[in-house]
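Chains as they are written, first to last, in our numbering: chain A, 7 to 351; chain B, 7 to 351; chain C, 7 to 351; chain D, 7 to 351.
Ideal placement from N, C-alpha and C gives every residue a C-beta, glycine not left out.
Please read all numbers here as calculations on a predicted model, not as lab measurements.
Presented below is the structure to which this report refers.
Number of protein chains: 4
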Amino acid sequence: MVKVGIVGATGYVGGELVRLLTRHPQAEITYLVSESYEGKTIGEVFPHLHNWGNIVCQKLDVEALAEKTEVVFLALPHGVSMDIAAQLLAKGKKVIDLGADYRFDNLAVYEKWYIKHTQPQLFSQAVYGLCELNREKIKTANLIGNPGCYPTTAILGLAPLLKSDLVELTNIIIDSKSGVSGAGRGLNLGTHFPECNETLKAYNVGKHRHKPEIEQELSKLAGEEMKITFTPHLIPMIRGMLSTIYLNIKPGVTLEQVHRLYQEFYQDEYFVRVLKPGVLPETKFVAGSNFCDLGLALDQDSNKLMVISAIDNLIKGAAGQAVQNMNIMFDLAEPRGLDYPGIFP
Amino acid sequence: MVKVGIVGATGYVGGELVRLLTRHPQAEITYLVSESYEGKTIGEVFPHLHNWGNIVCQKLDVEALAEKTEVVFLALPHGVSMDIAAQLLAKGKKVIDLGADYRFDNLAVYEKWYIKHTQPQLFSQAVYGLCELNREKIKTANLIGNPGCYPTTAILGLAPLLKSDLVELTNIIIDSKSGVSGAGRGLNLGTHFPECNETLKAYNVGKHRHKPEIEQELSKLAGEEMKITFTPHLIPMIRGMLSTIYLNIKPGVTLEQVHRLYQEFYQDEYFVRVLKPGVLPETKFVAGSNFCDLGLALDQDSNKLMVISAIDNLIKGAAGQAVQNMNIMFDLAEPRGLDYPGIFP
Amino acid sequence: MVKVGIVGATGYVGGELVRLLTRHPQAEITYLVSESYEGKTIGEVFPHLHNWGNIVCQKLDVEALAEKTEVVFLALPHGVSMDIAAQLLAKGKKVIDLGADYRFDNLAVYEKWYIKHTQPQLFSQAVYGLCELNREKIKTANLIGNPGCYPTTAILGLAPLLKSDLVELTNIIIDSKSGVSGAGRGLNLGTHFPECNETLKAYNVGKHRHKPEIEQELSKLAGEEMKITFTPHLIPMIRGMLSTIYLNIKPGVTLEQVHRLYQEFYQDEYFVRVLKPGVLPETKFVAGSNFCDLGLALDQDSNKLMVISAIDNLIKGAAGQAVQNMNIMFDLAEPRGLDYPGIFP
Amino acid sequence: MVKVGIVGATGYVGGELVRLLTRHPQAEITYLVSESYEGKTIGEVFPHLHNWGNIVCQKLDVEALAEKTEVVFLALPHGVSMDIAAQLLAKGKKVIDLGADYRFDNLAVYEKWYIKHTQPQLFSQAVYGLCELNREKIKTANLIGNPGCYPTTAILGLAPLLKSDLVELTNIIIDSKSGVSGAGRGLNLGTHFPECNETLKAYNVGKHRHKPEIEQELSKLAGEEMKITFTPHLIPMIRGMLSTIYLNIKPGVTLEQVHRLYQEFYQDEYFVRVLKPGVLPETKFVAGSNFCDLGLALDQDSNKLMVISAIDNLIKGAAGQAVQNMNIMFDLAEPRGLDYPGIFP
């Protein structure tokens, strides 16, 4: 049994980590940290976890945490994880950071979009934890920068094309839509029910922090610097994320060719499902699961390829992918603890 | 491995049965019947079941069905199950009927509220499958009338009180609220999104078919004929059911006494959670699970006890309870295949 | 043109007052107070009011406010209105308080459920502004305690019965359901979208502050002290409120008798619509309007009469009724500025 | 008073026409046609219109209809309007068709995307009723093809740019999102509450019928043949439509330049609101109103201009625009009957 600690256990991502890991046949939660709910059991904080919820939330004490765990999940706001990760690594622990602090290769990019970084020397050992693409590196990593939710949809949606000769790598547009849980558990007028139900809006247009993260990973895959256009939208639903990606297809390329490419690229991947041509993904069919569904369509008229990518933002977009990373790091079967369907309707 | 057949596999309850049973460690789905989707795999009908969905939906052929299965779940409209159940029983199969055809003791009551019954001779061997209350009979039953969703909330909510001397057995009011999935997958103007979202209504006031079902079971528990008032409401959410039950409490009885009674009554029940006094249940904390949460409150001023009972209407209110019944019938651990938390948020 | 001021203009009720009054043919908003948005135009605060929104929000300055207005609406948390109302009255202004500070006849009751009152000497001149029942007193009032939303549904739903001999006045249960906007614009985990969408719960059972308000008014109408049981529930929709009221009907009384009583009682009321027997109200059909729809049903079996009462909580339950009160106070046609249908779907 | 008839009065668009026109100070509904609800009053069909609802729905009788009306709104499925429009025109009536039958200039395009047209000779007299752009022609028209909802957002969003030299006219992508009411009142599994709530999907990718309609109008405005990419998505909300439009901006063009262009272009338009740079529209702020809000953003990094366009699909996208067309045709003040804000929250 892998001994697991979670810091930031009482946010939405933290709660999902607890839910997934309490049911994981080869992991055991041995330490939970929550400053806001210190002293409460996790079952009091999250009544749905009642029967699995005797473990008590602690204040952060890195010493005690390190003593009781082999791997620690950090589900914290960016900036807060950097030092904790460093301390845990120094004690020989493995760290999976679900925030942005260890997702970047380039200090300047991180500091432009976020804040000053105190541990840039760790960048070189951090692995970007998109499991399907970086599996080999993850196996031996001690520090994982778990991908953002939008980047997960975008990168999985685009990866097969980047080395192909089927599309142009300019003029790529990623129009993304997210359920409200992606904004977290912190209170905000924009996520107050009467304000965000029965409405629809784009936000942070041209300046969302997931844009440089997407560009970094696409550039590495393509082997050249890539720029994309990215627009996130807030949708009145709790879970689910869907990205509609537009690319210029090269003359003469058919939808079947593209489909074959995707099928081959993902043929051994348990959690990526390439749908038949003409079938489009829908967030409801991945909600509650770790799957990413990919659909393809072609507008011959305007020579545009559309790739549509759907995930549950809290699972494949956060906690589920983090557990998948843990499975890879500890040489467990990759789907362990994650091999069940979502809930419908 | 118990060999299982499901008739009516492509409605919401059928879909939940497939989902629960594909993941059940001691059951195996060997036959699926769906007239509407004959020839399709269950994964095509329900994309969320894609990875578990190779089994093909068949037309009903009782012979073939009986040959391949030990127990058959019937998730059909009332009236349709009666003869199929009889044929399967005649072939020595066990039957769990999720409709109303075998829930009643009294032919006249059934025929008043439903239609003419063709197999009333089976009434005496059918057991009302409310697991927590009828476990002993269920163990040896061949035919289960799986309870309706509203009755599950009402009966579990009231059972501890009926033999106690703490409340009056008249003037009981059950004000129930249900998510829209309870109305099934059939199309109807009342469940068309723009008509039933952002609104609230009572329906079938004083004439819902679950009223006699509730009265029958309460009367048996109380040992006297009981009449209740029952009003169902439709709520703009997919899953979840909550009943607010009002009773006149006897003079001098305290909330603590009532709470102790409930705790003792349900102390060995895995799926019934009696909340602390002052804590009220919420459907979100049982959604996606087989739990029934019960909360208690007292209005001293008007001498009313309120019992609030919450379930997931498709799980404890239908498919989950049916699987729980199967577990009891086949002497499996009762929580098997059902022992996980719901999903939050 | 009546010159109108609004204090607390940027909450939900305040926003509705602005919307209704900008369009009122015989009123003119001359002063808006909002501490949180001082200096902003109301069109910046509420983009839907953009074309009507040039008026600038001010800090509270009772002097200036009194100078520019004839009547002032106070849409403030309880406790905050008491002194402002007193100051405005002293300057000869009329005041419509949408909070609870002037709804009570009895100081002890107010102070038990709320806080210490600084202006109890004003109780005797304050009129409870339920327009249909207190119209004569409202005509000459200077200070209106505008009813709470739950009390509006309950009192309009019960008023015709209280002097009749058709029902018992004990054992009355009011099971109420409210959309989330009723909780106001202040941030709260309970109204954070992922927490309150797709769920259902009762809250403040037996201790909601609208209970004594309902009891006070019912007692006055009945001419005897009445106790009721009241349970509010939170429903995942923005607007709308529905109360299901249960009473014991006297032997032999028919639904037609009750229906006739209601029709006669409300025959001259523009804003109360008594539905035909068998037709039940639904919040969607009053949302966006000042109407209260009343439906009646009888469960002969248990001798229970059900009265179902539906309003838009922000309009007939708050801002609309306040405008209706203003119309009465200033001798305008009562439906002026309120005579349009809601929006469907 | 303009005498108005509505054919197809009991769908969502028909219901909105009735609501808007009953309150229009210079119009009077004199004839309602509904095959499905013949003999019922409109107040019985739509309880929110109760107080305005005495008019009885008739079967279609063109003779009687023409006799009682000056202008007829046709809110019918495509194909059904063509002959009725011809008959009414022959009797000297004005016709506003809310379907697609008279939106196209080119018979072949119509017949490729829809069905065989029986009255192509009327194409030359039909005017595409996008009020802001075709006002002069509408003034004297007898036959209006009222625009589709998606085209309204797209064309209003793009019109200012098409004659400018600020953007390229290739590579235009229109990613649109619609509430469920856009799919109409007909029953469909895709709009069944449990299937379309809490989910998100694209549909008809590359083959939605609004694509050629958008292309036709953009081509006329640009003076050259234009091709666009258009992807509609279904959003779990009742009303509202938002299009996110992507264009390649020419080198050196600033957001301020674009903003100035939009402000000038729409400076005299009551119903088009150009938001300040950096402010993005949201459907909630136009819901329930006839406004179209336009927001602009620039991604300097990828040289993409984003135009975001929001309407209420049933009002500016259908019934409201039709009434606006009527106002223009009958020389009434253009905002008459439409000059009120939407409802928030």
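Residue span of the alpha helix (DSSP H) that contains residue i, given as start and end
i	result
D:F236	From DSSP, D:F236 is part of no alpha helix (DSSP H) but of the beta strand (DSSP E) over 235–240.
C:K156	Note that residue 156 of chain C is Tyr in the sequence shown, not Lys. Unbroken alpha helix (DSSP H) run through C:Y156: 155–168.
B:I48	48–51
B:A328	326–335
Residue i, DSSP secondary structure in three states
i	result
A:L38	strand
A:E22	helix
C:R109	coil
B:R266	helix
C:S295	coil
C:Y346	coil
C:V86	coil
A:K207	strand
A:E201	helix
Cα-Cα separation between residue i and residue j, rounded to whole angstroms
i	j	result
A:T47	A:Q131	35 angstroms
C:Q222	C:M88	20 angstroms
A:V352	A:A303	The question about residue 352 of chain A has no answer, for chain A in this structure spans 7 to 351.
C:V186	B:T205	12 angstroms
A:P257	D:I144	42 angstroms
B:E231	A:A339	57 angstroms
D:P351	B:Y268	42 angstroms
A:E142	B:P347	33 angstroms
B:E174	B:N254	6 angstroms
B:P166	B:F271	6 angstroms
C:S184	C:G323	11 angstroms
C:I321	A:G20	40 angstroms
C:G85	C:K65	18 angstroms
Under 7 angstroms by beta carbon: chain A residues contacting residue i
i	result
C:H54	Chain A residues near C:H54: none, gap ~11 angstroms exceeds 7 angstroms.
B:Y18	P351
Contacts that residue i makes with chain D (C-beta to C-beta distance below 9 angstroms)
i	result
A:I349	Those within 9 angstroms of A:I349 in chain D number zero; the least Cβ separation is about 10 angstroms.
Delimiting residues of the beta strand (DSSP E) encompassing residue i
i	result
B:R279	278–280
A:V101	100–103
C:V77	77–80
C:N319	C:N319 -> no beta strand (DSSP E), and no H or E assigned at all.
A:K9	8–13
A:T146	Element bounds for A:T146: not the beta strand (DSSP E) but the alpha helix (DSSP H), 137–146.
C:N254	247–254
Where residue i meets chain D, residues with beta-carbon distance less than 8 angstroms
i	result
C:Y346	R29
A:S295	Chain D residues near A:S295: none, gap ~14 angstroms exceeds 8 angstroms.
Amino acids of chain D, ordered along the chain, whose beta-carbon sits closer than 7 angstroms to that of residue i
i	result
C:S249	Those within 7 angstroms of C:S249 in chain D number zero; the least Cβ separation is about 18 angstroms.
C:G21	F350
A:K282	None at all; the shortest Cβ gap to chain D is about 14 angstroms.
Minimum Cβ-Cβ distance from residue i to chain G less than 8 angstroms
i	result
A:S187	Of the protein chains in the structure, A, B, C and D, none is chain G.
Neighbour list for residue i in chain A, Cβ cutoff strictly below 8 angstroms
i	result
B:I61	Here the premise fails: no neighbours, minimum Cβ distance about 14 angstroms.
Chain-ordered chain C contacts of residue i [CB-CB under 7 angstroms]
i	result
B:V211	L286, A303, M312
D:E340	Those do not exist, as D:E340 stays about 14 angstroms from chain C at its closest Cβ, beyond 7 angstroms.
D:R25	P347
Within chain B, partners of residue i - CB distance below 7 angstroms
i	result
D:E44	The premise fails here: D:E44 is roughly 17 angstroms from chain B at the closest Cβ pair, so nothing lies under 7 angstroms.
* Evaluate contact between the segment 108–126 of chain A and the segment 63–77 of chain A, counting only Cβ atoms and requiring at least three cross-stretch pairs below 8 angstroms. => By the Cβ test, the segment 108–126 of chain A is not in contact with the segment 63–77 of chain A, since fewer than three Cβ pairs between them sit closer than 8 angstroms.
* Segment contact, 8 angstroms Cβ cut-off, at least three pairs: the segment 134–141 of chain A with the segment 313–332 of chain A -> The segment 134–141 of chain A, when compared against the segment 313–332 of chain A, does touch it at the 8 angstroms Cβ threshold.
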